[in-house]
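See below for the structure under consideration.
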Amino acid sequence: MINIVLYEPEIPYNTGNIGRTCMAAGARLHLIGPLGFSLSDKAIKRAGLDYWPRLDKKVYIDYQDFCEQNPGRKVWLATTKAHKIYTDVSFGPDDYIMFGPESRGIPEEILVDHEEDCIRIPMMEEERSLNLCNSAAIVLYEALRQNDFPGMEKYGALHHLQWKS
């Protein structure tokens, strides 16, 4: 199972939306505190819809707690500062993909210790960043694609009619 990690998320709507994406993708959501909101916040529930109570999620007190509870795990760090593009790495089926808080990203003190594990999404040079929800979805679905979308329905069906071919 691919794991999405949010380091100190600040905006409940983003976290709720990412939780919903994790549900659709069969991914686990890890939240590293301190969080910028309460998990009982209406905004999280509104963005996460009825998915939120069913979401496979784990909350950590801080980054050290996350590291202690997940020793030896492969953690990719998504940052605009990375040398590698997210499509240039090979994601494993149980990898963790970490994203930083909306206003500042993953701290450089963490990034510098994991330079080879840092990945980025290409953007126009003058742009600062993408929305956290979009970034998480882009990288998550690339990791799933590389692992042949494990356990996921790959072909859709119409509701009332049949495809002609």
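Note that our numbering has the sequence shown beginning at 203, numbered continuously upward. Yeah, the Cβ is synthetic: ideal placement off N, Cα and C, and Gly gets one too.
- Put simply, of R230, A345, D350 the residue whose alpha carbon is nearest the alpha carbon of K259 is R230.
- Beta bridge pairing from DSSP links N205 with R230, Y298.
- Of the candidates F293, P273, F301, the residue whose Cα lies closest to the Cα of T282 is F301.
- If you draw a 10 Å sphere on the C-beta of F351, you find fewer than 16 other C-beta atoms in it, and that means exposed.
- Here the alpha carbons of S331 and Q348 stand approximately 24 Å from one another.
- Between the segment 317-332 and the segment 205-222 there are fewer than three inter-stretch CB-CB distances shorter than 8 Å, so the stretches are not counted as touching.
- C335 sits away from K286, with the two beta carbons spaced by 8 Å or more.
- Closest in C-alpha terms to I213, from the list M354, D252, C224, L241, comes L241.
- Of the candidates G358, R222, V314, L257, V314 places its Cα closest to the Cα of W278.
- About 6 Å separates the beta carbon of M354 from that of G228, a gap short enough to meet the 8 Å contact definition.
- Taking every protein chain shown into account, the CB of V291 has 16 or more other CB atoms within 10 angstroms, so this residue is buried.
- In the three-state reduction of the DSSP assignment, Y262 falls in the strand class, which pools E and B.
- For L237, the closest alpha carbon among the candidates A338, P303, G358 is that of P303.
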